[in-house]
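Visitor: Chains as they are written, first to last, in our numbering: chain D, 28 to 595; chain B, 405 to 515; chain X, 302 to 799; chain V, 3 to 507; chain U, 505 to 742.
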Amino acid sequence: MTPAGLQTTMYALILSLAAGTPLMMVILCCTPLRVRVLRLLPLATVPALLIALTAPCDVVVEVGWFFMGGRMGLDETGRIFLLLSGFVWLLAGFGSRSLLKDDNDQVRFHMFFLTAMAGNFGLILAKGMLGYYLFFAMMSFAAYGLVVHKGSEEAIRAGRRYLLLVMIGEVALFTALIILVHTSGSTVLEDFAGVSYGPLILILLFVGFGVKIGALPLHGWMMPAYQTTPIPAAAALAGSMVNAGILGWLRFLPLGQISCPKGAVLFIVAGGLAAVYGVVAGLNSKQAGAVLGGSSISQMGLITVIFGMGLFDQNAGLHATPVLIIYVVHHSLAKSSLFFGYDLVERQGKILSQLQLAAILLPALALAGLPFTSGAIAKTAFKELAVNLGDPWYGLSAFFLPVTAIGTTILMLHFMAVIRYSRGSDKPGRTVSRIIFALSCVAVAVPLWLWPGANNFASHSVAGIKLLQGVWPVAGGCLLFFIWRRISFTTKVEANDQKRKIGFDTIMDTVTSLLQEKEHQKPQQDRLVIFISRLVPHLRKAEKIMGRWKVVGLSYIAMCLILLFLLL
Amino acid sequence: MITTLLYSLTGLILFGMGFFTLIIHSHPLRKILAVNVMGTGVFLILVATAYIPLGQGEIDPVPHAMVLTGIVVSVSVTALALILACRVQETSNITLLKGTKQSEDIKETGA
Amino acid sequence: MNSGQLLLIAILLSSFIPGIIIFCLPEEKHRLRTRLNLCGSILKIALILVMNAGIYYGHVYEIRIPLIPGVELLLNGDPLSALFATLSSVLWLLTTIYAVGYLEGSPNRSHFFGYFSLCVTVTIGIALAGNLVTFLLFYEMLTLTTYPLVIHRGTEKSLRAGRNYLIYAFSGGAVFLVAVVWLQAVVGPVDFSAAGFSPSYLDSHGPVLTIIFVLLIIGVGVKAALVPLHGWLPQAMVAPAPVSALLHAVAVVKAGAFGIIRIVLDVYGAQNLLLLGVLPLLAAVATVTIFYGSIRALQQDDLKRRLAYSTISQVSYIALGMSMVDQPLAVIGGLIHLVHQGLMKITLFFCAGNLAETLGIHRISEMSGVARRMPLTMAAFSIGALGMIGIPPTVGFVSKWYLGLGGLAGGNWWLLLVLVVSSLLNAWYFLPILTSAWFGKQKGEWPEEMYIGRYETSLMLLVPPLVTAFIVLAAGLVANAQISPLAWVRFIVRGYGL
Amino acid sequence: MIFHVDSASWIIAPVILPLIAGLLCFLFNRKIFIIALAAALANFLVVCFLIWQLLNFGPMRSYIGGWQPPLGITLRTDGPALLMLLMTAITGLGVTLYARGYFSHRISDPVRAFRHQRQQRYFWPLWMLLLTGLNGLFLSGDIFNLYVTLELIGISAASLAALSGKPASQRASFRYLLISLLGSLTYLLGIVFLYRTCGVLDLTLLRNLAGNESGMGAALALLSVGLLLKTALVPLHFWLPPAHANALAPVSVILSALVVKASFYLLFRFWFELFAPIVTMPALNFMGTLGAIAILWGAIQAMRQHRLKLMVAYSTVSQLGYLFVAFPLSRITEGAEVWSIVIFMALTHACAKSAMFMAAGSVYLHLGHDRIKDLGGVRASLPVTVFAYGIAGVSLMGLPPSGAFIAKWMLLSSSFASSQWWWVLVIMTGSLLAMIYVFRVMSQFFVIPEGDVLDTPEPLSPLLEWPALILALISLFLGLFAPWPLHILSQGSTGLALIFPGALP
Amino acid sequence: MSTEKKIKGQTRNRHRRFDAYQLLFLCLVFCLIALLGTILCTIPENFPGLADTVASLQEQSGVESPVTAVLLNFRGYDTLLEVMVLLLAVIGVWSLTKAPVSNLKTDISPVQMGVVRLLTPVLCLVAAYLVWQGSHLAGGAFQGGAILGAAGVLLLVSELDWLRAVPAFVLRIGLILGPLVFVGTALCCLFFTGELLAYPKGTAGWLILLIETVCALSIGLTLALLFGGGRPEDDVPD
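#1: Taking buried to mean at least 16 other C-beta atoms within 10 Å of its own C-beta, is U:C693 buried or exposed?
#2: Determine whether the Cβ of X:F559 lies closer than 7 angstroms to any Cβ atom of chain D.
#3: Do D:A119 and D:A315 count as a contact pair if the criterion is CB distance below 7 angstroms?
#4: So, helix, strand or coil for V:D144, using DSSP?
#5: Would U:G541 pass as an interface residue toward chain V - the criterion being a Cβ-Cβ separation below 7 angstroms?
#6: Looking only at its own chain, which residues have a Cβ that is under 8 angstroms from the Cβ of X:V487, when we skip the five neighbours before and after it?
#7: Can you tell me which of U:V687, U:S662, U:L627 puts its alpha carbon nearest to the alpha carbon of U:Q647?
#8: Using a Cβ-Cβ distance cut-off of 7 angstroms, determine whether D:I572 contacts chain U.
#9: With a threshold of 7 angstroms between beta-carbons, can X:P693 be considered close to chain E, or not?
#10: Taking 6 angstroms as the limit between beta carbons, can you name the residues of its chain near V:N210, skipping five residues before and five after?
#11: What is the C-beta distance between D:M250 and D:A301, in whole angstroms, given that I count them as a contact (C-beta under 8 angstroms)?
#12: DSSP has D:V90 in a bridge; who is on the other side?
#13: Going straight from the alpha carbon of V:M283 to that of V:A296, what length do you get?
#14: Alpha carbon to alpha carbon, how far is V:V314 from B:L426? Give it in angstroms, no decimals.
#15: Comparing C-alpha positions only, which one of B:E462, B:Y455, B:I456 sits nearest to U:V558?
#16: Cα separation between D:K568 and V:G60?
#17: Nearest-angstrom Cα distance between D:L111 and D:R66?
#18: Are the Cβ atoms of X:A537 and X:A462 separated by less than 7 angstroms?
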């Protein structure tokens with residue numbers, strides 16, 4: 028092997044460690060070593076983090092034998108996503124390890140957990156289309172195990188929704204990929220630049236990845252799933268796995284290399300609607316997880332809008348990419364922090380202390396875009412992107428952003444209200460939870476300020492008028508929230524939830540039951556047997572008649588005559 | 405030639421009569437007799453075949469030999485058939501010598 | 302007789318002789334029987350691998366035995382037969398191990414294993430058949446050797462299933478025979494290696510050749526369980542699990558599908574079929590079968606019945622691939638599914654058998670929470686099921702991928718729809734099983750639980766599904782490697798110059 | 003010194019050997035099995051030798067008494083004759099062994115020992131003389147001599163059929179005897195017509211003389227009807243099932259496998275050689291139609307039977323139909339080989355059917371009955387027999403690689419070649435029906451009886467099980483070795499064009 | 505009452521139908537016979553036959569009667585088989601049943617006994633004569649055998665139960681003697697001349713006479729035993 032080859036192999040090996048480590052741990056979980064392995068659970072993220080931090084960029088290695096042509100590598104976008112995911116998974120790993128310490132099914136849960144983790148890391152590092160798809164599917168299906176882990180009826184139902192949508196997404200994605208490969212003739216992601224994206228592919232890709240981010244018609248799984256998933260895992264789901272959808276769009280619709288105005292409209296409209304809808308849906312729920320889910324739908328809607336903006340043309344794409352990434356990082360960190368906060372509530376047997384409350388408020392308001400938070404930076408970046416795009420979009424965003432900010436604020440306050448006085452049962456790992464929460468809060472506060480790409484936007488966001496622009500929606504949101512609380516504190520939220528559940532599930536149940544074959548049908552007597560048994564008496568009779576001498580005589584004569592006739 | 409034909413036709417008619425009886429009458433003994441009549445008919449034709457009017461040449465001995473063989477065969481079969489009929493009569497209700505109707509047809513066995 | 306011919310004969314004898322010896326062995330000598338079986342199957346695999354290598358490097362393996370003019374037995378090792386032979390022999394080994402565990406202590410085992418060996422011999426014969434007559438010979442013998450296995454339990458139900466199986470299979474065989482004879486009357490003997498008869502016949506006998514093609518497809522379609530010729534398959538699931546595995550994955554259904562491949566690729570050839578214009582018909586039948594099988598599968602509560610209908614649906618992918626015989630990618634998809642479907646379905650049936658044998662579970666509604674009791678079995682089952690749906694990295698995805706690509710390349714956009722809907726249906730009938738098994742709560746006692754050793758079930762039952770599940774994953778993961786089923790299929794397709 | 007290997011005198015051996023054996027068997031009281039076995043074995047060897055002789059020196063003729071035709075009687079060997087001889091020899095050997103096992107088993111049962119001893123005592127001479135008749139018939143080249151052999155066969159067969167002493171079997175045998183006699187007389191009448199027209203009895207001479215005279219036509223019609231009665235072609239089959247089913251097992255084997263073939267062989271000779279010039283296509287079609295009806299009717303009747311032996315007997319009725327379906331297919335230019343395949347078919351059927359009847363007989367001995375619905379558990383106790391039954395069934399159904407498959411193949415291909423597709427339908431339907439009745443029984447073998455295990459643990463003697471299996475295997479693998487019998491068939495069969503050039507390896 | 509009527513009606517119906525069938529059948533038989541008769545009439549007259557052939561070879565046959573020449577020389581093989589047919593009939597009959605035991609031991613009329621005593625030797629003599637005569641006139645083994653058989657029958661009906669008196673083995677020897685000698689001669693011929701039944705030159709007449717004599721004995725015995733209606737007691741232990 029040449030040194031270059033050796034190097035490539037080494038690189039490939041190192042990269043595959045990111046997904047490989049969790050997978051190895053999954054396999055070890057099948058062995059009696061499982062207890063020891065589970066103790067090391069958070070360490071599964073370490074290779075990924077190390078790679079994200081240290082591996083050289085823009086090296087692509089081909090692993091020809093792997094799954095119909097494997098390609099992997101790390102680029103800048105990937106590095107950020109990997110870092111982010113690694114961090115979130117690390118925290119989630121600590122959290123779930125301590126949370127589920129006494130759970131009977133912890134091995135099962137953690138196998139799914141690790142598999143989802145592996146999928147998440149793997150898809151970030153994948154540079155081939157099929158590789159991406161592979162890890163994406165791995166992650167999606169493994170996440171099902173996290174969603175339904177509790178095994179309650181609610182969880183199962185949520186899982187069913189999740190699974191249905193995942194399947195739809197998978198299938199859409201499969202179709203999209205096939206068409207892409209057919210048109211481009213290659214499975215290499217970079218080769219899609221020259222492909223003309225027809226409406227079908229766009230829709231398929233939107234559906235395929237949109238499921239993951241809860242884009243509007245495909246959002247159904249998100250709120251129930253966030254509610255039923257064990258919270259650390261939900262944090263990973265909301266903070267990392269959801270991003271896979273965004274990354275998928277980025278990979279398959281390479282912003283900056285394509286222009287696709289029709290797609291842009293699709294994405295922007297869908298995103299905009301989701302941004303509003305998420306808020307409304309979140310406010311409709313009284314369950315903290317579901318509220319966060321609503322928020323995710325909303326925030327992901329905003330991201331979808333950003334992505335849509337980038338789709339207009341190459342130039343817009345170039346501008347949109349960093350904004351998109353900033354927003355993703357911001358949302359992931361904030362959302363996972365909120366989940367960890369929620370986790371804290373659930374684990375301690377008493378209501379939150381003031382300090383804790385304040386700490387939770389930080390990511391909450393960051394989501395709303397309060398100045399001096401990562402939210403502000405993200406919003407600023409958004410706005411500047413809109414400016415770059417030109418008029419109709421700028422106007423729209425000038426109107427739209429504050430509205431969503433107000434909505435998010437209300438939603439976050441609603442969230443705070445939901446968790447403020449709730450007290451969890453005394454679950455293990457309070458200390459761990461606190462540490463995690465602290466770490467995540469620090470993460471929300473710190474990284475975006477320090478990150479080179481965001482510097483610009485950060486300084487812009489604190490500049491004069493921007494500050495004001497950032498504050499008023501939050502303030503307005505607070506106001507509106509309190510008014511809303513006064514008016515309808517006791518709206519029939521639960522009933523509402525119930526109704527929606529019934530609507531969806533009854534359809535599923537009816538269809539399934541319609542298809543179910545009737546139990547214990549009478550064992551079908553064979554038609555052949557019946558037929559023969561009816562015929563038998565006649566046959567016996569006929570044979571008997573043929574055996575009579577008279578008939579024999581007749582046949583004898585007949586045969587003589589016929590043969591004579593025929594032969595003469 | 406006429407003689408030959410006359411005998412031959414008589415033989416044929418015997419054959420037909422025998423056959424008719426064989427089929428119509430159900431009694432074993434009659435059947436055996438009927439078959440014998442049929443045989444006689446055939447032998448008659450055969451012998452008639454050998455007939456050559458006097459002075460027109462040698463008599464063909466081959467049909468004679470054939471008839472002889474046929475008769476022997478017929479005797480053997482008749483003997484066997486009679487014994488069989490007796491056995492059948494012994495083991496079932498069919499009467500060998502009296503009555504003809506009730507033994508309408510020999511029952512199909514098995515089935 | 303050269304070494305190649307000896308090899309072919311040795312391949313056939315390596316299971317035939319153990320089979321015959323097993324028949325003669327007394328019932329109690331299960332040790333010896335097991336050893337014979339295992340030695341035979343391992344030897345067979347080794348021999349087939351040798352043959353594969355030979356085929357790859359261009360050796361010719363051929364035995365001709367003329368019977369009457371125009372009718373000769375021809376055994377011929379070509380890449381396609383190597384594919385099927387390898388699949389069958391490998392799965393046979395696993396099924397044998399499984400069957401040894403499964404039938405522990407049940408009566409008439411020597412008969413069972415005897416027929417089992419004969420069955421595999423015949424299947425290999427089908428793989429190696431070099432013309433339609435030989436194919437027919439083994440095809441009919443397959444029915445005969447599997448029949449005792451189907452009715453092995455000797456119950457009323459299994460007898461009825463067996464009878465139906467026979468009626469279907471022999472009717473199919475009869476139609477096939479008629480078609481073969483007719484074809485021979487029209488175009489003369491066609492060897493598979495010739496890759497199709499001369500197109501000049503099409504001008505004079507076009508309609509007749511179309512009818513013959515339909516008859517041929519009906520003939521093999523019975524075993525391949527194409528709708529509406531599938532009726533026997535769901536009933537045949539009353540047989541013991543290893544037999545189901547054999548029927549669905551190793552031998553019978555596969556033989557039918559293989560027959561379709563042979564007819565399309567080797568008897569008619571792509572060119573002739575395109576000219577005749579019968580391929581849409583095949584595609585339509587395959588599509589209907591795919592949907593019908595899936596929908597019927599959805600309706601079943603009996604696990605093995607559901608699997609049976611799933612087979613009906615899945616095997617038609619092969620026919621679907623063959624219906625686009627002008628597209629190399631689609632042909633690859635069809636051919637590779639032959640292998641992949643076998644691997645996945647055998648895993649599923651092994652697992653179903655484990656459930657039935659260990660816990661007495663036959664119905665899906667009884668499976669709730671069973672993964673807690675039998676995690677490894679259910680893990681294997683899950684892999685198989687996900688493969689069926691076509692989730693990467695399982696092999697099922699690879700098949701669908703190539704089929705889809707092939708369809709697009711031929712401009713058949715509807716094919717994508719078929720794949721998509723069928724995947725969704727597959728998911729619909731498999732995923733609920735998985736979810737209830739893994740996450741459902743156990744409802745009451747298991748129907749009839751047996752205590753079997755320290756593992757979740759006896760080791761002989763556990764290992765085969767794990768191995769096949771592993772292969773399902775691994776063969777997908779290394780699909781692009783130098784040595785993989787896919788690579789071999791590509792080699793085959795290259796041979797056809799597509 | 004006169005019996006050189008190329009001497010035609012050897013032809014007489016297959017007739018004389020069993021004849022002497024029959025006489026001796028009748029004379030002596032003890033050890034007659036040895037005599038019979040020696041004769042059967044010697045017969046087999048001689049037939050093999052004759053075949054070898056045929057292949058090396060061509061067809062042979064032996065003029066009995068040194069008198070040439072037209073006066074003397076000729077014995078001749080050619081392909082079809084020797085193949086039929088071979089069939090008889092193989093089956094005969096099998097039956098001889100099987101009968102030994104059968105009677106030993108029966109006699110070991112103390113209750114009925116005497117009766118079975120008596121049956122055995124007469125079985126052997128009758129069987130040997132029947133063999134004489136069969137061999138004589140196949141070899142004979144004289145139409146009147148054929149009559150005598152037919153009688154020899156008829157009388158011995160009827161006596162054998164009545165041997166079991168059951169009333170049913172005697173009734174059936176009586177009817178069989180009458181029908182056989184009727185057939186013989188019709189045949190004799192035919193001879194009369196023939197002799198009147200041609201004045202000779204030698205087949206070769208007759209063939210040369212055969213022209214379009216009405217006498218010939220009438221002769222053929224009468225000869226055919228007489229033989230059809232003996233062959234039991236539907237609608238004249240009624241005597242066959244009871245006679246075959248109620249006889250002792252070895253006798254059933256002989257009757258089903260050999261006796262009906264004898265008269266069929268003559269039909270074959272007459273229609274394709276002797277009278278080939280005057281045979282008309284409508285007549286062939288008529289025979290074919292009767293054959294088709296026989297196939298279906300026999301199979302349907304077989305399907306409804308409740309007793310194994312009756313089922314097998316009806317299957318004979320059905321299988322005989324195939325032989326006749328080949329008639330109309332013989333007259334096409336491309337498929338001239340079909341007529342010879344008929345003999346081949348008869349050969350495979352003889353092996354298969356004898357195996358099947360042997361299996362049925364063993365099952366009867368084992369269980370004490372042969373009710374199809376109570377056959378459960380036999381598989382465990384009589385594996386070899388069940389196996390033999392299965393293989394024989396496969397052969398009857400015409401599945402590859404049985405000889406019947408090759409035959410079916412040729413029938414089908416010639417019906418396609420001559421565009422007479424309706425025969426295809428009949429043939430295929432027939433084999434499907436055969437499948438149903440064969441497997442109806444087969445599946446019962448596989449039933450595992452509940453509770454009470456059979457209380458007859460003693461295994462049957464190998465003589466009862468193995469001949470069946472070996473015969474079944476022969477019929478199964480005959481297809482694979484088809485070139486050899488077909489090559490033999492093609493030797494010196496005069497009549498139609500020679501067949502299969504270059505088919506041999 | 506009504507049922508009785510019904511039954512009567514039915515029987516009458518059946519009777520009528522039976523008649524119709526008879527009529528139809530009669531017609532058919534008539535048609536067949538008529539047809540065959542017509543054909544028979546149309547067969548050309550110049551019937552060749554084998555008479556001339558036989559006549560031309562008569563010299564070599566060793567006998568003067570053409571029928572005997574045909575029976576025992578030209579077509580001796582037929583006759584051999586025919587003898588076997590007769591033997592078969594006996595075996596068949598023996599296999600079926602035991603000879604019936606007559607119950608009329610007591611009153612045999614002296615007249616009958618006298619006739620038997622008188623006739624039996626005469627019959628034997630006639631039989632011997634017929635056999636002897638067979639070589640030049642009508643007559644021969646069968647005719648002689650028939651007469652012998654008649655003698656046997658006569659003895660049997662006179663309750664001279666020789667069937668029981670003679671050991672079965674002897675009867676069997678008697679039965680197969682004719683066929684055995686016939687076959688033996690045929691085989692000797694085969695050995696000396698190379699063809700079955702081809703009598704060596706000059707011995708034909710003597711050999712034929714030998715065969716005829718022995719056969720006549722066997723045939724006579726056969727026919728008598730057929731009349732006897734079953735196997736003798738001691739043929740097999742029963």
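Note that beta-carbon positions come from the ideal geometry of N, C-alpha and C, so glycine has one too.
Guide: The short version:
#1: With 16 or more other Cβ atoms inside 10 Å of its own Cβ, U:C693 counts as buried.
#2: False, the Cβ-Cβ gap to chain D never drops below 7 angstroms.
#3: Against a cut-off of 7 angstroms, the Cβ pair of D:A119 and D:A315 comes out as no contact.
#4: In the three-state scheme derived from DSSP, where H, G and I count as helix and E and B as strand, V:D144 is classed as strand.
#5: U:G541 does not count as touching chain V.
#6: Taken in chain order, the residues that qualify are Y502, H506, V509, L510, I513.
#7: Ranking the options by Cα distance to U:Q647, first place goes to U:L627.
#8: Answer no: the Cβ-Cβ gap between D:I572 and chain U never drops below 7 angstroms.
#9: No chain E appears in the structure shown, which is made up of the protein chains D, B, X, V and U.
#10: Correct list: empty, nothing qualifies.
#11: Between D:M250 and D:A301 the beta-carbon gap is near 12 angstroms, outside 8 angstroms, which marks them as no contact.
#12: Partner(s): D:G97.
#13: Rounded to whole angstroms, V:M283 to V:A296 spans 20 angstroms at the Cα level.
#14: Roughly 29 angstroms between the two C-alpha positions.
#15: It is B:E462 whose Cα lies nearest to the Cα of U:V558.
#16: Between D:K568 and V:G60, the C-alpha separation is close to 52 angstroms.
#17: Taken atom to atom, the span from the alpha-carbon of D:L111 to that of D:R66 is near 23 angstroms.
#18: Less than 7 angstroms separates the beta-carbon of X:A537 from that of X:A462.
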